[in-house]
Every structure is written in structure tokens, then in C-alpha cells.
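Residue numbers (full-length UniProt numbering): 1 to 446.
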């Protein structure tokens, strides 16, 4: 459901609710049915729709029950508290002449997108690593689970929106450790301006333009004027720095680092100093003009940013393991975030701690082997009992001309003590599955 109209939203928003709802209905998708995977006659049923499978389908059954759960929309969940803080910040700081919030919020858009939405609409190159089967989750050659909330930028802009926030679950095949999970959550923000609107906002008069026929350099795109980019950069950076102050306190140190994203130029990353270390908080930049033109907003110029909710929530609430966010049925976890004010300081307290079971697995590799394929297999067989997988040895045998990998696999159940016998069974199942599905030749499993 749309974030508008809930008790946490200020009353001034109601005046714009009807208009925003009309726009949202063009692209919304409610999680009205439980996600199920059913492979019959080469099809997958997901979120109420049926998709044909093909040679690129790589979604495992263990992932399906968690697709579309929407932790960021659950009351008393830490990701929901963080989302509310971000929304409150933008509602408070971006107000129109009628004293209504400028930004609209979309937090329940289906995570199933086309490859065009996820890649092409954002100018992601054909040879970009994120397109590989080892990096993303594909339903088939046309549809996938979004790898970022940026997938919806073009669709929302095409409806006429010029200021919006998107919150949602995103999916990537990745390593296994305390800070990585195949599902995580992002926040996306976009703000667009027409020429006079941009300059009048800064009380600048004169014959200034936002477009020109220039050349691309490190500071701007060929169609953008230097003056327009300077104003956008100033607003973007001050907005996001103040968001950091809102979340982490006025005394937090920040710094900007130049970055690269296919869909923005110039681009930056904002880092904050947290517990003595620099932490990447978000990525942002001036939106590339080509996607804006294709979305029907070629007369506008703007900025965009994206951030990971888990990354910030783990620091903000001192949550040590990303798997903890999935304990939404655990009252011991959720009760710690049962507060009325989302900005209430909270330090997470470990509910319980059970011992680890540490094993090793070594096997000879085959051509085309991908570490992410192995991580995905381990997650599918072992589920959340697998706490971490770490490559400990990459060996090449010169006579046999073969490579082998050795992995340390750490097992720990979040709800009870895992016995050695239980861990043995899971470890054996992983070894057998790796041999069968990846074609590797097991050397030893200890």
C-alpha cells in the first residue's frame, strides 16, 4: 500500500493524496498473494503472475517465500523506522507554496521488472558485470528481480512526477557473511526542475539557461550548463549531508568521494565517519539526460540518490548480523523497535547467542565455475543456518593443470543450538549438491 494516509504522515499531505494515488495506480502492485513457485510446463508463478522459464532462469525455491515480504513496511521493524525517518526528513524540508510536501512516496511496487527497466533504461552497458547470471536473479530472458530501486525511475517520471522517493526490496547474488544477503532494501530519491524553476528557487535573475550544446567533461554533461549543474550539485549535497546529520547526529563527519554510475554524471558517494571508520552511506549524482528525454522529461534536469537501508540500520541500531532483520516473527527482536517516534535512539541487544559449527569444503573447479553460483547453492541448501562462507585457499596443480577452491563454511542457527549431527547433514547435502549442480569434484569435506 501507499505510504500516504498512515498515522505517521503529517495532515498537510492529505491535500495531495488523491492526485498522487491516481498516478500511483498506473504502476502499483500490491503483495496481495503469498509468493509461490510452481514449475509446471516450464513456468514460474510469482506474486500472482505466471512467467515462462528458459535457459537463464536462476531463481531458487528457497528465495521465493521471502520475495515481496516488504520488511520496510512492517510496523516496529528497524527498516520501517529508518524509512519513516527518511520520509519525515524530506516532508519537512521540501514544501511547496501550499505548504504540502513536494515528494511523493512509493513503497510497494512489485520487485519483478523487465531487463529493460533494470538495465537499459539506466544506460547500463551490455557488458556490465551486473548483467551476468552470477550477479542477478532472472525469471527468464525478459524478466528479473530488480537489482536496485532505480529500475522504476523512468516509469515514475513518465507519469509526470518530478519529486519522489521509492523504497523496496532488491535482489542480488552475492557472497555470504554478516553484512550480505540475497535480499536487501533500498531507498531512491529523484528531484527534477525546469529552467526557471531551478533558478528562481535560488533567487537568481537573468538570462540563465539549463541547456547548451557543449562538451562533456568531469564536471558536467554536454547538454547541461555549468550554472545549472552548480545549483543542482549544491542542493543535492546539502540535502544529503543534512540527512546524514538527521540520522547520525549533528557532529558526524562527512566527506564526498567522486564515483561512477551509468545513469548519473557527475556522480559522488557520501561517506560518514562512524566509530572511527569511513562508511559509504549512499551514491548520487546529476541524472543523465538521455533517460529523462526517453521518459518524456527532456525539458527538465535533476538529481538522484540511492542508499541501502540495512547498511545504515546496522550502524544506527548496532545490529551485528544482516540475518537479524528477518526475525520479524520474533517478539524479542521486534519489541526493541516498538516506539512511537522513529527517531528514538535504539541500541539493539542480542536476544540470544548460540555456538558456531565450522567446517571446510574443498573441490576441483570446472570451466565456467562462479563463486556466486556456489554461494547461491549454499544459501539454497543451508538457508539462514549458514552464517558465513569464506574462500580460504585458491590452489593450482601444475601437473594436473586444475584449480581447486577450499571454503570455510560457518553454521549457526539463530533460534537454537545447532548440533554436530545436524550440521554434518547440511554440510554433506551442500557437497552433494555442488557436485551435482556445479559439476565440481569434491576433494574433502571436514
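Even glycine gets a Cβ: it sits at the ideal position worked out from N, Cα and C.
In this text the structure is predicted, and so the values were computed from the model without any measurement.
{"query": "Residues that DSSP places opposite residue 57 in a beta bridge", "result": "Note: residue 57 sits in no beta bridge, so no partner."}
{"query": "Own chain partners of residue 349 with C-beta closer than 8 Å, once the 5 adjacent residues on each side are dropped", "result": "336"}
{"query": "Cβ neighbour criterion (16 or more within 10 Å) applied to residue 182", "result": "buried"}
{"query": "Proximity of residue 325 and residue 310 at Cβ, strictly below 8 Å", "result": "yes"}
{"query": "Range covered by the beta strand (DSSP E) that runs through residue 254", "result": "254-261"}
{"query": "Three-state secondary structure (DSSP) of residue 277", "result": "strand"}
{"query": "In DSSP terms, what residue 508 is bridged to", "result": "Here the chain covers residues 1 to 446 and nothing more, so residue 508 does not appear."}
{"query": "Complete runs of the beta strand (DSSP E) confined to the region 330-384 [at least 3 residues]", "result": "357-364"}
{"query": "Proximity to residue 356 [Cα-Cα], best of 412, 427, 362, 307", "result": "412"}
{"query": "Residues bridged to residue 192 [DSSP beta-bridge criterion]", "result": "302"}
{"query": "Contiguous alpha helix (DSSP H) assignments of at least 4 residues, all confined to the region 178-244", "result": "195-201"}
{"query": "Residue from 402, 395, 406 whose Cα sits closest to the Cα of residue 389", "result": "406"}
{"query": "Residues near residue 322 by beta carbon distance below 8 Å, same chain, minus five either side", "result": "178, 179, 180, 181, 184, 310, 314"}
{"query": "For residue 281 and residue 259, the rounded distance between their alpha carbons", "result": "13 Å"}
{"query": "Burial state of residue 113 (16 or more Cβ within 10 Å)", "result": "buried"}
{"query": "DSSP-derived helix/strand/coil call for residue 264", "result": "strand"}
{"query": "Burial state of residue 288 (16 or more Cβ within 10 Å)", "result": "buried"}
{"query": "Whole-Å CB distance - residue 169 paired with residue 111, under 8 Å assumed", "result": "6 Å"}
{"query": "Spatially closest choice to residue 153 from 377, 192, 229, 210, by CA coordinates", "result": "192"}
{"query": "Cutoff 6 Å; reference residue 342; Cβ partners in own chain excluding five residues on either side", "result": "81, 84, 85"}
{"query": "Beta-carbon proximity list for residue 279, same chain, < 7 Å, skipping 5 on both sides", "result": "271, 272, 315"}
{"query": "At least 3 beta-carbon pairs within less than 8 Å: the region 62-79 vs the region 119-135", "result": "no"}
{"query": "Of the residues 150, 155, 351, the one placed nearest residue 187, counting alpha carbons only", "result": "150"}
{"query": "Nearest neighbour of residue 88, chosen from 251, 74, 103 [CA to CA]", "result": "103"}
{"query": "Three-state secondary structure assigned by DSSP to residue 323", "result": "helix"}
{"query": "Cβ separation of residue 430 and residue 385, assumed to be a contact under 8 Å, to the nearest whole Å", "result": "No, residue 430 and residue 385 are not in contact; Cβ-Cβ is about 11 Å, not under 8 Å."}
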